[in-house]
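**Student:** Mapping of the sequence shown onto mature numbering (1 follows the signal peptide of the UniProt record, and there is no 0): residues -19 to -1, 1 to 703, in sequence order. No residue lacks a Cβ here, since even glycine has one placed at the ideal position from N, Cα and C.
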Amino acid sequence: MKKIIAIIILTMSSYSIRAQNTVTFIIKDKEENDILFGANCILKNTTTGTSSDENGICQFNDIPNGEQTFEFSYIGFESVEKTYTFPLKNKQPIVIYLTGNTELQAVTVFSTRTRDRIKEIPTKIEVLGIEEVVEETAINPGNISKLLGETSGIQVQHTSAISGNVSFRIQGLPGKYTQLLKDGFPSYGGFSSGLSLLQIPPLDLKQVEIIKGSASTLYGDGAIAGIVNLISKIPKEKPEFTVMINQTHKGGNDVSTYFSGENGKLGATLIASINTQKAKDISNNGFLDLPEYNRAVIAPKLFYTLDENNKFEIGFSNVTENRIGGNLKAINDEIDSNHPFFEENKTKRLTSTIRYENTKKKGNVLTLKASFGNFDRTLKTNTNIFSGVQKTVFSELSYYIENDKHKFVSGINFNIDDFDQKQPNTFNLNYNYQTLGVFSQDNWKIADKLFLEPGIRLDYNFKKGLFFLPRLATMYHVTDNFFTRLSGGFGYKLPTPFTDEAERTRYQSVDFSSGLKTEKSMGLNLDFNFKTELADELFLTLNQAFFITKIENPIIANQSLLVNQIVKYETANGSIVSKGLNTNLRLSLDELILYVDYTYLNPTKTYEQNKILEYTPINKLTCTLAYEDEEEHWKVGLEAFYFGNQYRENGTITPNYWLLGASAQKGFGHYTVAINFENILDVRQTRYENIVSGSINNPNFNELYAPLDGFVGNIVLKYDLY
């Protein structure tokens, strides 16, 4: 009897063992054959799931006999389902290949002209992919200022308390040292720079690329601190039609729409928006903290594919805006001797772009592109009028060659920057710059883990002479999950009269001498990137960066005259040296993600006994906690921003402060509803100090280091037809 029982137990045990199957998968990128660390692996119709480890491996145990289906997914790649019958005949690990999603090309970079995957580029570049752009656009659809302001290492700063103009700083340097591009075209800057971030709707963007550190070898004049390149969507076979409506509780309204479609060889995109803001005196001091404006944007673009090797596109953009700030009674047509002050900005921007690409048999690409810009602006106050037209021409011919070890691009470009002042003024601010440049760059794969990127540019400006701009960057992959980058280069900035000081003083008296020197720079960037799995489904990504930039011959405004609203530019006898570090950390646990970003800055002025550069936070901290439920189509997020002390021009120190925010989104079929709360603590500079001084007829306004609009809540309705 005992023998029979033993046989039965042994048989049942054997059956149980056979039913407890084990399978191992290795998840790889189909295009590059690289392992994918952190890919999601799920046994369908169960609660069993895991993530691939540092070797791309995910393993399942205790799998029942019979047919079982597994799902594999990774951010930026198309999901894959595979079905297997257990027990498996072959016990070897199964390789699963995932294909990059063409809609999520966050790893492909366009700003270097080589269209490399980001992990192969020695240049320090950060990419906000389509998911991040869509998420931020869903809660702030009016313009790109919030999108950039929440990006690592970028500070968006208001430059005018009257008009609400903004600029942005990279690595602590003023906005004039950074180029803002759209699809590689330098269409924003100069006379329009303070308004540019406010006049660009984000609904047509696919991704945003940020190069921190000198990029003059790539883009010439003005790219000393880096570049921000806005990459537009292109038409796909599946059409896209989106409408967004945004309403703030302080009188702001945005209505924008985007269309994209392709039919045979012809494709088209169209973005259009209308943006309005009611005048608001939030601090109750009689002056507007939110200026009144009305803006309309329309930008169609046509794409034509002649054949598989020849592509052509042409685009047009029209932006018109009326913006008025100042005394509340004055803008309400109640001007009297006690309330006379107003500032009105009327702007019209016309831009056209053209691009042609010819792909050769070996994959080499010839690219011809050009843009034409016309920015017409009239700034009118109760005491003066300043008006002018800035015309820009950009043209470039480049040739791209690729083989096993090299991705080489060289080209020639010709630029015109012309400003014509309409109204007579104390000083003539007219200028005309014409620059001819040649450039070459090579992304050289020396070994599987070592990349080198030498570059060189030679620019000749017909008034300022020759500029030689070498650059070198290198990247080494220590392991599959740890790499380091080092880059350095030279840059320059041609003198123009358009600065934050000129905007703040309303161009009343700007002395722009023709004898000003060209600003020149040298920069160095070093960063380390690491990712690992700390625990089951808990992943850490860390970037630690160090940087230094030195600007020789900086053009500054004479401070003794500036208090009287006179801007007299001078070439400083010294330099600006900006150095610091940036720490960016990302922790993800399933659908919960924590971002922490810290920036330390120490920008000094050697021409003023190494004083700290004004209005730059020494310490800045950003914390974001986000959770997303993809099945239920909802997202929630909490944000905290800390701005440390900043130095004023007179040496005094500003208060530090926190900005807190919260947002939530919910999808209902074709509709998405989002609510957003910014500056929940209602931080305003006018709570710390009176920002208005001088005469009521022509007042002075302090430089800004904190918001003026305070707490703002908004609700967004989004409709996607497809």
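#1: Please classify phenylalanine 268 as buried or exposed, where buried requires at least 16 other C-beta atoms within 10 Å of its C-beta.
#2: Run the CB neighbour count on alanine 87, radius 10 Å, all protein chains shown included, and call it buried at 16 or more, exposed below.
#3: To test your reading of the DSSP string, which unbroken beta strand (DSSP E) runs of 3 or more residues are found completely within the segment 313 to 353?
#4: With C-beta atoms as the reference, is threonine 80 less than 7 Å away from glutamate 59?
#5: Between the beta-carbon of tyrosine 550 and the beta-carbon of isoleucine 593, is there less than 7 Å?
#6: If I'm right that threonine 499 touches tyrosine 473 with Cβ under 8 Å, what's the distance once you round it to whole angstroms?
#7: If you draw a straight line from the C-alpha of threonine 513 to the C-alpha of glutamate 35, how long is it?
#8: From the DSSP output, which residues share a beta bridge with phenylalanine 240?
#9: Quick check on the burial criterion: 16 or more other C-beta atoms within 10 angstroms. Buried or exposed for alanine 428?
#10: Once the 5 residues before and after isoleucine -3 are set aside, which same chain residues still bring their CB inside 7 Å of it?
#11: Distance check for leucine 271 and lysine 327, CA to CA, integer angstroms please.
#12: What does DSSP give as the partner residue(s) for leucine 162 in the beta ladder?
#13: Can you find the residues in the same chain that come closer than 6 Å, C-beta to C-beta, to aspartate 235, ignoring five residues on each side of it along the sequence?
#14: Bridge partners for phenylalanine 375 per DSSP, in chain order?
#15: Compare the C-alpha of asparagine 681 against each of Tyr380, Glu289 and Gln489 and name the closest.
#16: Measuring CB to CB, does asparagine 2 end up less than 7 Å from proline 74?
#17: Using the three-state DSSP reduction, which class does serine 556 fall into: helix, strand or coil?
#18: For the beta strand (DSSP E) containing isoleucine 7, list its first residue and its last residue.
#19: Which residue from Asn313, Leu331 and Ile397 puts its Cα closest to that of phenylalanine 323?
#20: How would you call leucine 309, buried or exposed, if buried means at least 16 neighbouring beta carbons within 10 angstroms?
#21: Could you please give me the residues that DSSP links to threonine 31 through a beta bridge?
#22: Judging by CA-CA distance, which residue of Ser32, Tyr576, Lys100 and Gly19 is the nearest neighbour of asparagine 424?
#23: Can you tell me the Cα-Cα spacing of aspartate 202 and aspartate 440, whole angstroms?
#24: DSSP beta-bridge partners for histidine 651?
#25: Is it the case that the Cβ atoms of glycine 19 and phenylalanine 520 are separated by a distance below 7 Å?
#26: How about the segment 256 to 266 and the segment 279 to 299: do they share at least three Cβ pairs that are nearer than 8 Å?
#27: Restricting to Cα atoms, I'd like to know which of Gly153, Ser133 and Asn26 is closest to lysine 560.
#28: Taking Cβ positions, are threonine 552 and leucine 497 nearer each other than 7 Å?
#29: Which residues does DSSP list as the beta-bridge partners of aspartate 492?
#30: Can you tell me which of the three DSSP states serine 468 falls into?
#31: Measure the C-alpha to C-alpha separation of isoleucine 532 and glutamate 116 and round it to an integer number of angstroms.
#32: Give the single residue among Asn631, Phe624 and Gln646 whose Cα lies nearest to the Cα of asparagine 637.
#33: So the alpha helix (DSSP H) leucine 199 belongs to, where does it begin and stop?
#34: On the CB-based measure, 16 or more other CB atoms within 10 Å of its CB, does lysine 501 come out buried or exposed?
#35: DSSP three-state call for alanine 119: helix, strand or coil?
#36: What does the Cβ neighbour count give for glutamate 190, buried or exposed, with the cut at 16 atoms within 10 Å?
**Tutor:** Quick look at the numbers:
#1: Buried, because 16 or more other Cβ atoms sit within 10 Å of the Cβ of phenylalanine 268.
#2: Low per-residue confidence applies at alanine 87: pLDDT is 43, beneath 50, and the placement is therefore not dependable enough to give any value.
#3: Listed in chain order, the beta strand (DSSP E) elements of length 3 or more contained wholly in the segment 313 to 353 are 323 to 340.
#4: Yes, these two residues count as a Cβ contact at 7 Å.
#5: The Cβ atoms of tyrosine 550 and isoleucine 593 lie no closer than 7 Å to each other.
#6: Right, their Cβ atoms sit about 6 Å apart.
#7: The alpha-carbon atoms of threonine 513 and glutamate 35 are separated by roughly 7 Å.
#8: Phe222 and Leu251.
#9: Answer is exposed; the Cβ neighbour count stays below 16.
#10: Unreliable positioning characterises isoleucine -3 in this predicted model, as indicated by a pLDDT of 43, which lies under 50. The coordinate reading is nonetheless provided below. Closer than 7 Å at the Cβ level, and outside the excluded window around isoleucine -3, lies no residue.
#11: In a straight line, the C-alpha of lysine 327 is about 17 Å away from that of leucine 271.
#12: Beta-bridge analysis with DSSP links leucine 162 to Asn210.
#13: Correct list, in chain order: Pro122, Gly123, Asn227 and Asn256.
#14: DSSP, once it has assigned bridges, lists Ser352 and Asn396 as partnering phenylalanine 375.
#15: Closest option to asparagine 681, Cα to Cα, is Gln489.
#16: Not closer than 7 Å, so no.
#17: Strand.
#18: Annotation for isoleucine 7: the continuous beta strand (DSSP E) segment containing it runs 2 to 10.
#19: Scanning Asn313, Leu331 and Ile397 for the CA closest to the CA of phenylalanine 323 turns up Asn313.
#20: Around the beta carbon of leucine 309, 16 or more other beta carbons lie within 10 angstroms, which makes this residue buried.
#21: BP columns for threonine 31 point to Cys22.
#22: With distances taken between Cα atoms, asparagine 424 lies closest to Lys100.
#23: Going by C-alpha positions, aspartate 202 is about 9 Å away from aspartate 440.
#24: When beta bridges are read from the DSSP output, histidine 651 appears opposite no residue.
#25: Yes, the Cβ-Cβ distance between glycine 19 and phenylalanine 520 is below 7 Å.
#26: Contact fails: fewer than three Cβ-Cβ distances are below 8 Å.
#27: Nearest neighbour of lysine 560 by Cα position, chosen from Gly153, Ser133 and Asn26, turns out to be Gly153.
#28: Going by C-beta atoms, threonine 552 is nearer than 7 Å to leucine 497.
#29: Paired residue(s): Lys549.
#30: Strand.
#31: The straight-line gap separating the alpha-carbon atoms of isoleucine 532 and glutamate 116 is approximately 37 Å.
#32: Comparing Cα-Cα distances from asparagine 637 to each of Asn631, Phe624 and Gln646, the minimum goes to Phe624.
#33: Counted as a single uninterrupted DSSP element, the alpha helix (DSSP H) harbouring leucine 199 occupies residues 197 to 200.
#34: That one is buried.
#35: When secondary structure is reduced to three states using DSSP, alanine 119 falls in the helix class.
#36: Buried is the call here.
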